[in-house]
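What follows is one structure encoded as structure tokens, with my remarks underneath.
In UniProt numbering, the protein residues as written are 1 to 299.
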């Protein structure tokens, strides 16, 4: 009997490989860790092959898994190309100006741009990377058409784009000392993550000191990599040279941060409404509002 592969399962498989863990993959496809685990079991049942094998504490692709991954990427690419070609917006032209904060410029933003481009291949996009308050000001003044921001607004229209866990980050070789005030690496101006970190520590009466101030996420990440202290940021900032601190170090749990895509209600750019419609109608393509926390997937 012929078996038809489920593209949603293949998309999750690719996300698992790209993000490294079932939990991180869940953030990308908008599913919980347990849902990702069940999807991978279904994919193994559909193919009749073991796709993952244990190597130490982690799971790696088997030879069959690598083969399926190769075809999964081809099938998904072709699917997205077909859907883009069939969309009524595919003939749209013009320029779309999008603003995004530094913290998501390397992860959430590229996925958003890729999907917009798939459905609107004829448009030109201008990217403005900056701090959230300045991006919202630019949007209000008409300097950009869309802004991704954690800030709220009573005068702009917004849709939830992504919900991200906030975690304590330090360098991979950082030595945590519970007997010393916590050395914090923070933004040098008003910042959501700065407020989250300080409030969480003060509520738990955990002593801290200011170790390093930086005007940008690049500076913050450089200081963390150098081992100058720890910082509170969205989990997408985590890389191979960083690690997460948490309950084992008696650090407080931090709230998730929601990123919204904002637009002006009276915008004159017709591309804005088309983009909003595309995103609303194709939520599977977005890094949805996942509520799971980082960690290993259940085996």
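For every residue, glycine included, the Cβ atom is placed at its ideal position computed from N, Cα and C. Nothing here was measured: the structure is a model prediction, and the numbers come from that model.
Exposed or buried, which one is residue 107 when buried takes at least 16 other CB atoms within 10 Å?
buried
Checklist line | With 16 other Cβ atoms within 10 Å as the buried cut-off, status of residue 284 | finding: Reliability fails at residue 284, whose pLDDT of 44 lies under 50, so the model's placement of it is uncertain and the value that follows must be treated cautiously. Counting Cβ neighbours within 10 Å, residue 284 comes out exposed, since fewer than 16 surround it.
message = Give me, in chain order, the residues of the same chain whose beta-carbon lies closer than 7 Å to that of residue 42; leave out the 5 immediate sequence neighbours on both sides.
response = The answer, listed in chain order, is 9.
| said: Quick check: the Cα distance between residue 58 and residue 168, rounded to an integer number of angstroms? | reply: 22 Å
Do the CB positions of residue 109 and residue 100 come within less than 8 Å of each other?
Against a cut-off of 8 Å, the Cβ pair of residue 100 and residue 109 comes out as a contact.
With a CB to CB cut of under 6 Å and the five nearest residues on each side skipped, what residues in its chain are close to residue 308? It is not possible to answer for residue 308, since the shown part of the chain is limited to 1 through 299.
| said: Taking the beta strand (DSSP E) that residue 230 belongs to, which residues open and close that run? | reply: Run containing residue 230: none; DSSP gives neither H nor E here.
Item checked: Cβ pair residue 227, residue 211 closer than 8 Å -> no
For residue 44, collect the residues of the same chain with a Cβ closer than 7 Å to its Cβ; drop the 5 residues on either side in sequence, then sort them by chain order.
Taken in chain order, the residues that qualify are 50 and 51.
Run through the DSSP bridge pairs and tell me what residue 303 is partnered with. Shown here, the chain extends from 1 to 299; a query on residue 303 therefore has no answer.
| request: Determine the direct distance from the alpha carbon of residue 268 to that of residue 37, and round the result to whole angstroms. | output: 44 Å
Is the beta carbon of residue 116 sitting closer than 8 Å to the one on residue 278? yes
### Message
As an exercise, report each continuous alpha helix (DSSP H) stretch of at least 4 residues that is fully enclosed by the region 36-87, in chain order.
### Response
63-86
### Query
Does DSSP put residue 17 in a helix, a strand or coil?
helix
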